[in-house]
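Residue numbers (this note's numbering), protein chains in the order written: chain A, 4 to 117; chain B, 5 to 116.
Here a beta-carbon is modelled for each residue, glycine too, at the ideal position from N, C-alpha and C.
Below is one structure, written out as structure tokens; the observations come after it.
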């Protein structure tokens, strides 16, 4: 069965620290996508990244980077030099059976303190 | 519109009453999804509309839940005879194709 596990319930860091959010997944699909979303206090889920399982290259976008390792079924997200505005709940997600339905992890609440 | 719009943003209702939640997707997006976010269950898929195809209702938790999408655009999620366990944030998303979701800000439903 498909499953997404975000073991870190809550992380608290001081501004400018680097922080890594873990995501481990299970899927029976041979090709699949993985997603990260950010949910700030306003409640809206903001798309951050979509990664195809074919592409294991790490991706960097500004202060954000993603480490996809198919061998360990992990898709971890790192924020470098964190800022207070990064405070949010972050969700990792995976489509069910190559469909349009996403299953989400339980989320990691990140608090960045000034 | 520029984004997915949901109304109302907050709704408090008495147990047993019916409620309607509205979603205005991004113009031109053919796919529309409803998800529910609750404390105990996380984010759950409810229903999916794609163009004129029959909707995928496999995530609806009971027959008290129904949804319509009129004219391939606006969608309404209706919950009949609300129960306290229906209290949650109901999120709508739309996409032009497949998995490029854009979510709305949600409707926070509280059943008292």
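- Residue 28 of chain A and residue 24 of chain B have their C-alpha atoms some 35 Å from each other.
- Secondary structure remark: continuous beta strand (DSSP E) runs of at least 3 residues inside the stretch 4–57 of chain A, in chain order: 6–8, 13–17, 22–24, 27–29, 36–42 and 49–55.
- If you check the CB distance, residue 104 of chain A and residue 69 of chain B do not come in under 8 Å.
- Contact annotation: residue 91 of chain B and residue 113 of chain B have beta-carbon atoms nearer than 8 Å.
- Linking residue 66 of chain B to residue 82 of chain A through their CA atoms gives a straight-line distance of about 40 Å.
- In this structure, residue 5 of chain A places its C-beta atom within 8 Å of the C-beta atom of residue 97 of chain A.
- Between residue 115 of chain B and residue 41 of chain B, the C-beta spacing is not below 8 Å.
- The beta carbon of residue 29 of chain B lies closer than 6 Å to those of 8, 36 and 98 in the same chain, with the five residues before and after it left out.
- Here DSSP, grouped into helix, strand and coil, assigns residue 92 of chain A to strand.
- Shown here, residue 15 of chain B sits in a strand according to DSSP, grouped into three states.
- Looking at the DSSP output, residue 71 of chain B shares a beta bridge with B:81.
- Near chain B, meaning a CB-to-CB distance below 9 Å, the residues of the stretch 90–110 of chain A are 94, 96, 98, 99, 102, 103, 104, 105, 106, 107, 108, 109 and 110.
- Listed along chain B is no residue with a C-beta nearer than 8 Å to that of residue 56 of chain A; the closest approach is about 13 Å.
- Annotated three-state conformation of residue 76 of chain B is helix, per DSSP.
- Sixteen is the threshold: since fewer than 16 other Cβ atoms of the shown chains lie within 10 Å of the Cβ of residue 32 of chain B, the residue is exposed.
- At least one CB atom of chain A sits nearer than 8 Å to the CB of residue 46 of chain B.
- Proximity to residue 37 of chain A across A:67, A:90, A:14 and A:80 peaks at A:80, based on C-alpha coordinates.
- The beta carbon of residue 50 of chain A falls within 8 Å of a beta carbon belonging to chain B, placing the residue at that interface.
- Looking at the DSSP output, residue 60 of chain B shares a beta bridge with B:52.
- Secondary structure note for residue 86 of chain B: it is in no beta strand (DSSP E), with a DSSP letter that is neither H nor E.
- In the structure shown, the three-state DSSP call for residue 85 of chain A is coil.
- For a cut-off of 8 Å, the C-beta gap from residue 110 of chain A to residue 8 of chain A is around 11 Å, too long to register as a contact.
- Cβ-Cβ distances below 6 Å link residue 78 of chain B to 28 in the same chain, with the five nearest sequence neighbours on each side left out; the list follows chain order.
- The beta-bridge partner set that DSSP reports for residue 46 of chain B consists of B:42.
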